[in-house]
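Asker: Residue numbers (the working numbering): 578 to 694. Before I ask anything, let me first share the structure, which is written out below as structure tokens.
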């Protein structure tokens, strides 16, 4: 079984093309909707795409900046970001969905992370 990117949006469900960061400092929260390739269903995985300039700004304000679920890009290029995410998700495989979701959850926050029935 392999994973498939169904959609990549902001966490407010806006298309990436609607984002126009001003200047070099940006940090945008994104949501990837991912499901098993060729099968129904999808779950969300959230992460941020931030610039090195944003990181510098944050480090000027705070002694430590947490980096989990953070991708670093010099510019906010929607197509390049989607290509990267699509490729990374497409390379994820496993015997079942839970295994696949766990792999993706290493770099994006899975909506069911820490879920207990």
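Just so it is clear, CB atoms sit at the ideal spot from N, CA and C, and this is done for glycine as well.
From residue 663 to residue 581, what distance separates their C-alpha atoms?
Answerer: Indexing the chain shown from 1 puts residue 663 at position 86. Indexing the chain shown from 1 puts residue 581 at position 4. Taking the straight line from one Cα to the other gives about 7 Å.
Asker: Residues bridged to residue 595 by DSSP?
Answerer: Position 18 of the chain shown, counted from the start, is the residue given in the question as residue 595. Partner(s): none; residue 595 has no beta bridge.
Asker: Just tell me which of 643, 680, 606 has its CA closest to the CA of residue 655.
Answerer: The residue labelled residue 655 in the question sits at position 78 within the chain shown. Ranking 643, 680, 606 by Cα distance to residue 655 puts 606 first.
Asker: Pick helix, strand or coil for residue 650, following the three-state DSSP scheme.
Answerer: For the purposes of this step, residue 650 is taken as the residue at position 73 of the chain shown. Here residue 650 sits in coil by DSSP.
Asker: Among residues of its own chain, excluding the 5 on either side of residue 603, which ones have a beta-carbon nearer than 7 Å to its beta-carbon?
Answerer: Looking up residue 603 in the chain shown gives position 26. Closer than 7 Å at the Cβ level, and outside the excluded window around residue 603, lie 627, 628, 631, 653.
Asker: Look at the Cβ atom of residue 621, then the Cβ atom of residue 608, and state whether they are nearer than 8 Å.
Answerer: Indexing the chain shown from 1 puts residue 621 at position 44. Indexing the chain shown from 1 puts residue 608 at position 31. Yes, the pair counts as a contact, with Cβ atoms nearer than the cut-off.
Asker: How is residue 612 classed by DSSP in three states: helix, strand or coil?
Answerer: Within the chain shown, residue 612 is the residue found at index 35, counting from 1. Strand.
Asker: Who are the Cβ neighbours of residue 625 in its own chain at under 6 Å, not counting the five residues just before and after it?
Answerer: The residue you call residue 625 lines up with position 48 of the chain shown. These residues qualify, in order along the chain: 604, 606, 647.
Asker: So residue 584 packs on residue 610, CB below 8 Å; how close in whole Å?
Answerer: Translated into positions along the chain shown, residue 584 becomes position 7. Translated into positions along the chain shown, residue 610 becomes position 33. With 8 Å as the limit, residue 584 and residue 610 qualify as a contact, their Cβ atoms being about 4 Å apart.
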